[in-house]
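2 protein chains.
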Amino acid sequence: GAASYGTSSGSVSKLIFRQLFEKESSTYTYLLADASHPDKPALLVDPVDKTVDRDLSLVKELGLKLIYAINTHVHADHVTGTGLIKSKVPGVKSIISKASNAKADLFVEPGDKICFGDLFLEVRATPGHTQGCVTYVTGDGPNQPQPRMAFTGDALLIRGCGRTDFQGGSSEQLYKSVHSQIFSLPKDTLVYPAHDYKGFTVSTVGEEMQYNPRLTKDEETFKNIMANLNLSYPKMIDVAVPANMVCGLQDVESKAA
Amino acid sequence: GAASYGTSSGSVSKLIFRQLFEKESSTYTYLLADASHPDKPALLVDPVDKTVDRDLSLVKELGLKLIYAINTHVHADHVTGTGLIKSKVPGVKSIISKASNAKADLFVEPGDKICFGDLFLEVRATPGHTQGCVTYVTGDGPNQPQPRMAFTGDALLIRGCGRTDFQGGSSEQLYKSVHSQIFSLPKDTLVYPAHDYKGFTVSTVGEEMQYNPRLTKDEETFKNIMANLNLSYPKMIDVAVPANMVCGLQDVESKAA
Ligand SMILES: [Fe+2]
Ligand SMILES: [Fe+2]
Numbered sequence: 088g089a090a091s092y093g094t095s096s097g098s099v100s101k102l103i104f105r106q107l108f109e110k111e112s113s114t115y116t117y118l119l120a121d122a123s124h125p126d127k128p129a130l131l132v133d134p135v136d137k138t139v140d141r142d143l144s145l146v147k148e149l150g151l152k153l154i155y156a157i158n159t160h161v162h163a164d165h166v167t168g169t170g171l172i173k174s175k176v177p178g179v180k181s182i183i184s185k186a187s188n189a190k191a192d193l194f195v196e197p198g199d200k201i202c203f204g205d206l207f208l209e210v211r212a213t214p215g216h217t218q219g220c221v222t223y224v225t226g227d228g229p230n231q232p233q234p235r236m237a238f239t240g241d242a243l244l245i246r247g248c249g250r251t252d253f254q255g256g257s258s259e260q261l262y263k264s265v266h267s268q269i270f271s272l273p274k275d276t277l278v279y280p281a282h283d284y285k286g287f288t289v290s291t292v293g294e295e296m297q298y299n300p301r302l303t304k305d306e307e308t309f310k311n312i313m314a315n316l317n318l319s320y321p322k323m324i325d326v327a328v329p330a331n332m333v334c335g336l337q338d339v340e341s342k343a344a
Numbered sequence: 088g089a090a091s092y093g094t095s096s097g098s099v100s101k102l103i104f105r106q107l108f109e110k111e112s113s114t115y116t117y118l119l120a121d122a123s124h125p126d127k128p129a130l131l132v133d134p135v136d137k138t139v140d141r142d143l144s145l146v147k148e149l150g151l152k153l154i155y156a157i158n159t160h161v162h163a164d165h166v167t168g169t170g171l172i173k174s175k176v177p178g179v180k181s182i183i184s185k186a187s188n189a190k191a192d193l194f195v196e197p198g199d200k201i202c203f204g205d206l207f208l209e210v211r212a213t214p215g216h217t218q219g220c221v222t223y224v225t226g227d228g229p230n231q232p233q234p235r236m237a238f239t240g241d242a243l244l245i246r247g248c249g250r251t252d253f254q255g256g257s258s259e260q261l262y263k264s265v266h267s268q269i270f271s272l273p274k275d276t277l278v279y280p281a282h283d284y285k286g287f288t289v290s291t292v293g294e295e296m297q298y299n300p301r302l303t304k305d306e307e308t309f310k311n312i313m314a315n316l317n318l319s320y321p322k323m324i325d326v327a328v329p330a331n332m333v334c335g336l337q338d339v340e341s342k343a344a
């Protein structure tokens, strides 16, 4: 990930941006902050419990004020870091979509904006991998990052997409979500997924529209592909989903009970 | 890694940029290309043999013309992809420093420029991890990427540095190299290392000057730290170094012999 971006209009976006990788679950966590604001307000997208200390030291070293810990969806392959972050940094609010039915401090719906300083993420509903999946897209405007950036969770992966056979998944819904909510973005929009298993770090909307082996197909073919993946049962799902439904705070809650 | 960069002067750099990860050796490979040139000339920094097919498909999909496969140094932990790339894409030239004493098509020395389209990498000598280590830095100029990017190999890692106990390494030399050749760059220069083991993807010169746990120390302390790392013998070194001394072409050569 790059540290900062310029805009093609000549003004410079004040985004501080870092992409962080958790090897065991191949998860990407993203740190975004507005460097132009005196507080340098920051948010983390899809933090992982195991790498919370790494992420929080980086936040501290960069002089940022973490205000939000956000999830794209209820993950089945790792425990979210949001609960742990909240216990370590008082004042941080956790965010997830209302459609996920999970616990969090704040719930977002399609069209909502998550503001940090003068920058913001726009919420787009992209269900299909899970019923509550959303994609967070950087703002469209003169002082927002250019090109735009889409944090697609597991809805759209680089040359792939998330499975649709658990957590209220639906291949029909996922197809519609990606085509209407992600492929409708400008082609140079940077695609930052929740995972990558082949070592890719970023793609673009244009690239996925042209080369995604699943989502370039017609809807029927896509549904057939998704119905015949023959994937094994997600090995972390029985631990991760209950934890993530309560924001990774299951231990804190059970200790308190 | 980000796909493209704007410049703070208002003109837009035409750099296409991708950071790629090889999990087994935790190696980063970097793809750079000039999108403004009709051929879209491209180069790969530190390609790994195991991920050559992934890298070459990406080159093809992005419509780039690969002209150079470059190494920062003779790696001891993985076999370079340069030989394999040359066998798969005729016309690609391999590049390494003259000081490495390794085989390649082209040898670079400090101050040399490696041009691809209107963009270029500048060669800086940063010995100490190995005798032949160099850092490749994007150009300084109105149409070059802003902020600048430094591909530091194992000379400077994020919050770390390469070991100095093999391959003509010297902690004294490494200390001088990093301070004189890397820490002298603008503070916002992006640091892209050859490896990361903690999931970081990028840092900046300013950040490493402030937070690198080794290189912020005085030279004597640094030398003591490096002398007392108690690292085990590099497990790939006896395979990787002989291969990398001949550009990863050991098999081709032995078959031809
Ligand atoms: Fe998921
Ligand atoms: Fe090395």
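Chains as they are written, first to last, in my numbering: chain A, 88 to 344; chain B, 88 to 344.
Using N, Cα and C, we set each Cβ at its ideal position, and we do this for glycine too.
Chain A contact for residue i (CB, 8 Å cutoff)
| i | result |
| --- | --- |
| S217/B | According to the sequence displayed, residue 217/B carries Thr and not Ser. No, no contact with chain A. |
| V333/B | no |
| T159/B | no |
Cβ of residue i within 8 Å of any chain C Cβ
| i | result |
| --- | --- |
| F108/A | The structure shown contains no chain C; the protein chains it does contain are A and B. |
Closer than 7 Å at the beta carbon, the chain B residues around residue i
| i | result |
| --- | --- |
| K285/A | R141 |
Interface flag, residue i vs chain B, CB-CB below 8 Å
| i | result |
| --- | --- |
| T251/A | no |
| T225/A | no |
| T138/A | yes |
| A281/A | no |
| K274/A | no |
Residue i, DSSP secondary structure in three states
| i | result |
| --- | --- |
| G293/A | helix |
| T288/B | coil |
| P128/B | strand |
| K200/A | strand |
| F309/B | helix |
| E109/A | strand |
| V139/A | helix |
| P280/B | strand |
| D325/B | helix |
| L261/A | helix |
| Y117/B | strand |
Partners in chain B for residue i, counting only beta-carbon separations shorter than 8 Å
| i | result |
| --- | --- |
| T288/A | G88, R105, Q106, L107, F108, T288 |
Where residue i meets chain A, residues with beta-carbon distance less than 8 Å
| i | result |
| --- | --- |
| Y298/B | E148 |
| E294/B | E148, L149 |
Query raised in the report: Touch check for the stretch 165-177 of chain A and the stretch 220-239 of chain A: three-plus C-beta pairs under 8 Å?
Result: no
**Report entry** Touching by the beta-carbon criterion (3+ pairs, under 8 Å), the stretch 125-132 of chain A and the stretch 198-209 of chain A
**Finding:** Under the 8 Å Cβ criterion, the stretch 125-132 of chain A counts as touching the stretch 198-209 of chain A, having at least three qualifying pairs.
Report task. Starting from the N-terminal side, write out each stretch of the alpha helix (DSSP H) that is 4 residues or longer and does not extend beyond the stretch 142-191 of chain B. Result -> 169-175
Query raised in the report: What runs of the beta strand (DSSP E), each 3 residues or longer, lie entirely inside the stretch 199-250 of chain A?
Result: 200-203, 206-212, 221-225, 236-240
Report task. Report yes or no: do three or more beta-carbon pairs, one from the stretch 147-159 of chain B and one from the stretch 209-225 of chain B, lie closer than 8 Å? Result -> Yes, since at least three Cβ pairs between the stretch 147-159 of chain B and the stretch 209-225 of chain B fall closer than 8 Å, the two stretches touch.
Query raised in the report: Would you say the stretch 295-305 of chain B touches the stretch 130-147 of chain B, given that touching needs at least three Cβ pairs under 8 Å?
Result: Taking 8 Å as the limit for Cβ pairs, the verdict is that the stretch 130-147 of chain B does not touch the stretch 295-305 of chain B.
Query raised in the report: Does the stretch 103-111 of chain A come within contact of the stretch 179-199 of chain A, defined as at least 3 CB pairs closer than 8 Å?
Result: no
Query raised in the report: Would you say the stretch 273-293 of chain A touches the stretch 308-323 of chain A, given that touching needs at least three Cβ pairs under 8 Å?
Result: no
**Report entry** Contact between the stretch 221-232 of chain A and the stretch 245-258 of chain A (3+ Cβ pairs under 8 Å)
**Finding:** Look at the beta carbons and you see the stretch 221-232 of chain A not touching the stretch 245-258 of chain A: under three pairs across the two are nearer than 8 Å.
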